[in-house]
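First to last, the sequence lines map onto chains A and B.
For what it's worth, this note's numbering labels the leading residue of the first sequence as 8, then goes sequentially.
For what it's worth, this note's numbering labels the leading residue of the second sequence as 1368, then goes sequentially.
Cβ atoms here follow ideal geometry from the backbone N, Cα and C, with glycine treated the same way.
The structure appears right after this line, and notes come after that.
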Amino acid sequence: MKMKKRKTLLIEIFGILLALLWISPFYLMIVNALKTKRDIFTDVLGFPSELVFENFKKAYIDLDFTKSLLNSLLITGVSVAIIILFSSMAGYALARNKSKLSGFLLLVFVAAMLIPFQSVMIPLISLFGKVDMLNKTGLIFMYLGFGSSLSIFLYHGAMTGISNSLDEAATIDGANKLQVFWHIIFPLLKPISVTVGILNVIWIWNDYLLPSLVLSDADATIPLKMFLFFGQYTKQWHLALAGLTIAIIPVIIGYFFAQKQIIEGVSEGAVK
Amino acid sequence: MRNRDFSFWLFLTPVILSLSLVVIVPFFYGFVYSFTNWNGIHATEFLGIKNYLGLYKDAEFRSAIWFTTKVAIVSVILLNFLGLGLALLVTQKMRTSSLMRTIFFMPNLIGGLILGFIWQFIFISVFGSIGDKFGVEALTGWLSTTKTGFWGIVILTAWQMAGYIMIIYIAYLESIPKDLIEAAEIDGANSFQRFRNITFPLVAPAFTISMFLTLSNSFQIYDQNLSLTDGGPYNSTQMVAMSIVKTAFTENKMAYAQSQAVIFFIIVAIVAITQVYYNKKREVDL
């Protein structure tokens, strides 16, 4: 028994060392963001000889961070909300209709997941450009198109656990389909809505390529602004790293508060 | 709900509309235009397979495909080792195991673009200064050669995605009945035998999932490629996704870029269809 305990302790020490190594890139980012340019050059691993908060101030202003944060929040928030609403409606309709047509539509949605973004990117930008939709609204609509497939698939799977007798009882009480969905089904789908929400927030928040082709500079989200900012400060690592640290903070805050749901949601989305 | 019910179509209209306009129409539109001289606005001439013949002779595109394949294969192997290893580690009974999970998964939540910039600093400045200080030449000049650019991309994606693969393995490891392991322990099986004969066969499905997931994700890498090496030196670390973007939006050769995109789709689809085939076969075996 004693030997087993010692073994577990050794594994734990190894694990802790590995975890420290794993987050060392973030350590290096933060300590060097607080140094002067010369300090980084002389000692890149150690703590700063004096703390330079000035870097953060300058990076915050140049990133126009308040504005890019709001743009990111708006685009991700609205996109994910409509993905949740419309995908759950579609998953419900497809699950309650057992016809061949319904099965075919589900298959089309699943098959669409096979198409990588870059294979439709050029015609997509060209088409939306023709109708003047290369803006925030167009981007949100595109996110619905790219995000709905997996979401519908997850909702459709979850619907198998919700009995049809609930629908029938509500219909007898005089509810129409929309009311049945909104008051009975949608609340029951809440756990899967959390999963769908988390999965879509992660990729939309971090997405760079699509918004870089769609949005103007005034609407730039955090990744877009970060790319421009980084281009300005190559070789000025103290500023570039301060900017990167600022850009990561919202994600770390979100992770801190919802880590259990995030890990569960990702696990559910991946295994299905 | 029946097919002719108004509500059925009402519920489906938003997603059908968006999927059609965003994915399906552009997909077919792009396929057709890859056979023309399309410039992004209009096409005046039907070229047949001329674009595709051009691709075949295009050394840069072929190098992008080969480079992408190498990254994908090395990443698949590395990620599955790392993912399973981390999963075995954090499913041990330890006080710190949930904290470890949190840490190992963290890079997965941050975008590849931002992570690529952080690692650019590590490879260039941190590696460089350690190399200079201790006279280790192998650590200097990272990202300035094709080889270090390759390993840079591999290390970055492995670090970013390992936590995700870990989560998949954890889900399977935790579904193994505890009494199975205990029974084997009582029968005198050592920990290697328990892993070899119980754990490993039961997590094998996770291996299939992770393998194809990492394969298809590695083929589609763009952000990490852009922020870490930007394809350099001399486009030698340019992956397929980046080649499509640059050909279209920097060189303005839309139809030619679209023919690359069609080839790209075929490669990714073959990977995915193979996965579906294997999954079906496995279900039958069970």
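For residue i and chain B, any beta-carbon pair shorter than 8 Å?
| i | result |
| --- | --- |
| Asn142 (chain A) | no |
| Phe193 (chain A) | no |
| Leu161 (chain A) | no |
| Thr15 (chain A) | yes |
| Lys44 (chain A) | no |
| Phe72 (chain A) | no |
| Lys9 (chain A) | no |
Residue i: which of the options sits nearest, CA to CA?
| i | options | result |
| --- | --- | --- |
| Met140 (chain A) | B:Ala1636, B:Leu1388 and B:Leu1593 | B:Leu1388 |
| Pro123 (chain A) | B:Phe1586, B:Thr1604, B:Thr1566 and B:Ala1529 | B:Phe1586 |
| Ala88 (chain A) | A:Val203, A:Thr178 and A:Ala225 | A:Val203 |
| Asn142 (chain A) | A:Phe234, A:Ser223 and A:Leu27 | A:Ser223 |
| Phe237 (chain A) | A:Phe60, A:Ser155 and A:Ala66 | A:Ala66 |
| Val1638 (chain B) | B:Phe1567, B:Ser1583, B:Ser1626 and B:Ser1610 | B:Ser1583 |
| Ala118 (chain A) | A:Ile259, A:Lys137, A:Ser155 and A:Ser106 | A:Ser155 |
| Ser1401 (chain B) | B:Ser1496, B:Lys1647 and B:Leu1414 | B:Leu1414 |
Please tell me whether residue i has its Cβ less than 8 Å away from any Cβ of chain A.
| i | result |
| --- | --- |
| Tyr1644 (chain B) | no |
| Ser1442 (chain B) | no |
| Pro1393 (chain B) | yes |
| Met1551 (chain B) | Correcting the residue identity first, residue 1551 (chain B) is Ala in this sequence and not Met. Answer no: the Cβ-Cβ gap between Ala1551 (chain B) and chain A never drops below 8 Å. |
| Gly1519 (chain B) | no |
| Phe1375 (chain B) | yes |
| Asn1370 (chain B) | yes |
| Arg1468 (chain B) | yes |
| Pro1544 (chain B) | no |
| Leu1653 (chain B) | Note on Leu1653 (chain B): pLDDT 48, under 50, position unreliable in the model; the coordinate value appears next. No, because no Cβ of chain A sits closer than 8 Å to the Cβ of Leu1653 (chain B). |
| Gly1555 (chain B) | no |
| Trp1486 (chain B) | yes |
| Val1503 (chain B) | no |
| Pro1381 (chain B) | yes |
Express the C-alpha separation of residue j and residue i in angstroms, rounding to a whole number.
| i | j | result |
| --- | --- | --- |
| Leu131 (chain A) | Pro55 (chain A) | 48 Å |
| Phe1378 (chain B) | Asp71 (chain A) | 40 Å |
| Leu16 (chain A) | Glu1541 (chain B) | 21 Å |
| Tyr1645 (chain B) | Leu41 (chain A) | 51 Å |
| Gly1450 (chain B) | Ser31 (chain A) | 19 Å |
| Val51 (chain A) | Trp29 (chain A) | 18 Å |
| Phe1471 (chain B) | Met1606 (chain B) | 26 Å |
| Met1473 (chain B) | Gly1530 (chain B) | 7 Å |
| Asp1597 (chain B) | Leu1580 (chain B) | 24 Å |
| Ile1481 (chain B) | Leu185 (chain A) | 42 Å |
| Leu196 (chain A) | Ser94 (chain A) | 11 Å |
| Leu134 (chain A) | Tyr150 (chain A) | 15 Å |
| Tyr240 (chain A) | Tyr1419 (chain B) | 40 Å |
| Lys12 (chain A) | Val1443 (chain B) | 34 Å |
| Trp1376 (chain B) | Ser1385 (chain B) | 14 Å |
| Gln1591 (chain B) | Met96 (chain A) | 35 Å |
| Val1457 (chain B) | Ser1465 (chain B) | 7 Å |
| Tyr1396 (chain B) | Ala1538 (chain B) | 41 Å |
| Val1643 (chain B) | Pro1572 (chain B) | 13 Å |
| Arg1561 (chain B) | Ala1525 (chain B) | 28 Å |
| Phe1373 (chain B) | Thr1575 (chain B) | 42 Å |
Please confirm whether residue i and residue j have their CB atoms less than 8 Å apart.
| i | j | result |
| --- | --- | --- |
| Met120 (chain A) | Leu157 (chain A) | yes |
| Ile209 (chain A) | Ile147 (chain A) | no |
| Ala1608 (chain B) | Ile1588 (chain B) | yes |
| Ile270 (chain A) | Arg1468 (chain B) | yes |
| Leu1510 (chain B) | Gln1487 (chain B) | yes |
| Asn104 (chain A) | Ala227 (chain A) | no |
| Ala1454 (chain B) | Met1578 (chain B) | no |
| Leu251 (chain A) | Phe1490 (chain B) | no |
| Val1521 (chain B) | Val1635 (chain B) | no |
| Thr1513 (chain B) | Ser1603 (chain B) | yes |
| Ile199 (chain A) | Ala165 (chain A) | yes |
| Glu19 (chain A) | Thr1463 (chain B) | yes |
| Gly145 (chain A) | Val221 (chain A) | yes |
| Leu101 (chain A) | Leu114 (chain A) | no |
| Leu235 (chain A) | Tyr215 (chain A) | no |
| Val1493 (chain B) | Leu35 (chain A) | yes |
Any heavy atom of the ligand NAP within a distance shorter than 7 Å of the CB on residue i?
| i | result |
| --- | --- |
| Ile37 (chain A) | Of ligands this structure carries none, so the ligand NAP is not represented either. |
With a threshold of 8 Å between beta-carbons, can residue i be considered close to chain D, or not?
| i | result |
| --- | --- |
| Ile169 (chain A) | Annotation note: the requested chain D is absent from the structure, which comprises protein chains A and B. |
May I ask you to list, following chain order, the residues of the stretch 1388-1413 of chain B that have a beta carbon less than 8 Å from some beta carbon of chain A?
-> Correct list: Leu1388, Val1389, Val1390, Ile1391, Val1392, Pro1393, Phe1394, Tyr1396, Gly1397, Tyr1400, Gly1407 and Ile1408.
Within 9 Å of chain B by C-beta, residues of the stretch 117-146 of chain A in sequence order | When C-beta distances to chain B are compared with 9 Å, the residues of the stretch 117-146 of chain A below that value are Ala119, Met120, Leu121, Ile122, Pro123, Phe124, Gln125, Ser126, Val127, Met128, Ile129, Pro130, Leu131, Ile132, Ser133, Leu134, Phe135, Gly136 and Lys137, in chain order.
Of the residues that make up the stretch 103-115 of chain A, which ones have a beta carbon closer than 8 Å to any beta carbon in chain B?
-> Shown in chain order are the members of the stretch 103-115 of chain A whose Cβ falls below 8 Å from a Cβ of chain B: Arg103, Asn104, Ser106, Leu108, Ser109, Leu112 and Val115.
Please name the residues in the stretch 19-36 of chain A whose beta-carbon is closer than 7 Å to at least one beta-carbon of chain B, in chain order.
-> Listed by position, the residues of the stretch 19-36 of chain A near chain B (Cβ gap below 7 Å) are Glu19, Gly22, Ile23, Ala26, Trp29, Ile30, Pro32, Leu35 and Met36.
Proximal residues, the stretch 1583-1605 of chain B versus chain A, C-beta separation under 7 Å = Of all residues in the stretch 1583-1605 of chain B, only Gln1587, Tyr1589 and Asp1590 come within less than 7 Å of chain A when Cβ atoms are compared, listed by chain position.
Contact set between the stretch 203-219 of chain A and chain B, restricted to residues whose Cβ is under 8 Å from the partner = So the close ones are Ile209, Trp212, Asn213, Asp214, Tyr215 and Leu216.
Which residues, in order along the stretch 262-273 of chain A, keep a beta-carbon less than 8 Å from a beta-carbon of chain B?
-> In summary, the residues of the stretch 262-273 of chain A whose CB is separated from some CB of chain B by less than 8 Å are Tyr262, Gln266, Ile269, Ile270 and Val273, in the order they occur in the chain.
Any residues in the stretch 1624-1636 of chain B with a beta carbon nearer than 7 Å to a beta carbon of chain A? Which ones, in chain order?
-> From the stretch 1624-1636 of chain B, only Ala1624, Gln1625, Ala1628, Val1629, Phe1631, Phe1632, Val1635 and Ala1636 have a Cβ closer than 7 Å to chain A.
Output, in sequence order along the chain, the residues in the stretch 51-63 of chain A whose CB is closer than 8 Å to any CB in chain B.
-> Considering only beta carbons, the part of the stretch 51-63 of chain A lying closer than 8 Å to chain B consists of Val51 and Leu52, in chain order.
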